[in-house]
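K.L.:
For reference, the structure I am asking about is given below.
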Amino acid sequence: MLTIRPMEAKDLKQVTAIERETFSVPWSEKAFADSMDLPYTLYLVAETPEGRIAGYCGLYQVFSEGEITNVAVAFAQRRQGVAGTMLTRLLEQGKQMGIESFFLEVRQSNLAARRLYEKLGFSGNGIRKNFYEKPREDAVIMWKH
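Per full-length UniProt numbering, the sequence shown starts with residue 1, numbered consecutively.
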């Protein structure tokens, strides 16, 4: 059983390890630390009973909008519902913060993530050309109102 809880400084080593195995241009430990200290951000982790971080997600609040900035799951924990569980909690807590609509960018080729976001009520609403690097790729902008 996973515990979904706020990200803490003690989680950053594991979070950045997942970040590096997931993304070609990963955030640094300092980037996460700086970001999670801001008053308008929310970062959650999914923790196993053994104390391992299975995944994390985060958002920035801008008035009534929430930008989902990070979603990643450890390779060994993928395809087990971790991302959906974390994002459901993130959306619930975002609504409690006064967020009325959420958006995110996802690689156009990441069909598994896009299907998950659609299942959570997001829909595609545009393209950001050449948004991603290594490899260069367009992002699909997805919104949930």
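For each residue, glycine too, the CB sits at the ideal point set by N, CA and C.
For residue 2 versus residue 44, is the C-beta spacing smaller than 8 Å?
P.N.:
To locate residue 2, count along the sequence shown from 1; it is residue 2. To locate residue 44, count along the sequence shown from 1; it is residue 44. No, they are not a contact pair.
K.L.:
How would you label residue 11, buried or exposed, when you count the other beta carbons within 10 angstroms and need 16 or more for buried?
P.N.:
Along the sequence shown, read from residue 1 onward, the residue named residue 11 stands at position 11. By the neighbour-count rule (16 or more Cβ atoms within 10 Å), residue 11 is buried.
K.L.:
Please report the distance separating the alpha-carbon of residue 130 from that of residue 25.
P.N.:
Locating residue 130 in the sequence shown gives position 130, where the first residue counts as 1. Locating residue 25 in the sequence shown gives position 25, where the first residue counts as 1. If I take the Cα positions, the gap works out to 14 Å.
K.L.:
Is residue 58 near residue 41, with beta carbons less than 8 Å apart?
P.N.:
Your numbering for residue 58 matches position 58 in the sequence shown. Your numbering for residue 41 matches position 41 in the sequence shown. Yes, Cβ-Cβ distance for residue 58 and residue 41 is below 8 Å.
K.L.:
Where does the unbroken alpha helix (DSSP H) through residue 92 begin, and where does it stop?
P.N.:
Stepping through the sequence shown from its first residue, residue 92 is reached at position 92. Element bounds for residue 92: 82-96.
K.L.:
Does residue 18 pass the burial test, meaning 16 or more other C-beta atoms within 10 Å, or should it be called exposed?
P.N.:
Here residue 18 refers to the residue found at position 18 of the sequence shown. Buried.
K.L.:
Report yes if the C-beta distance between residue 120 and residue 144 is below 8 Å; otherwise report no.
P.N.:
Here the question's residue 120 lines up with position 120 in the sequence shown. Here the question's residue 144 lines up with position 144 in the sequence shown. Against a cut-off of 8 Å, the Cβ pair of residue 144 and residue 120 comes out as a contact.
K.L.:
Taking 8 Å as the cut-off, decide whether the C-beta atoms of residue 65 and residue 101 are in contact.
P.N.:
Locating residue 65 in the sequence shown gives position 65, where the first residue counts as 1. Locating residue 101 in the sequence shown gives position 101, where the first residue counts as 1. Yes, these two residues count as a Cβ contact at 8 Å.
K.L.:
Is the beta carbon of residue 118 sitting closer than 8 Å to the one on residue 141?
P.N.:
Walking along the sequence shown from the start, residue 118 turns up at place 118. Walking along the sequence shown from the start, residue 141 turns up at place 141. Not closer than 8 Å, so no.
K.L.:
Mind pulling the beta strand (DSSP E) runs of 3 or more residues that sit fully within the UniProt domain "N-acetyltransferase" (2-145)?
P.N.:
Correct list: 3-6, 41-47, 53-62, 65-73, 101-107, 123-132 and 137-144.
K.L.:
Using a Cβ-Cβ cut-off of 6 Å (strictly less than) and excluding sequence neighbours within five positions of residue 124, which residues of its own chain qualify?
P.N.:
As a position in the sequence shown, residue 124 is number 124, starting the count at 1. 140 and 142, listed in sequence order.
K.L.:
State the Cα-Cα distance for the pair residue 135 and residue 72, rounded to the nearest angstrom.
P.N.:
Residue 135 sits at position 135 when you count from the first residue of the sequence shown. Residue 72 sits at position 72 when you count from the first residue of the sequence shown. One C-alpha to the other measures close to 18 Å.
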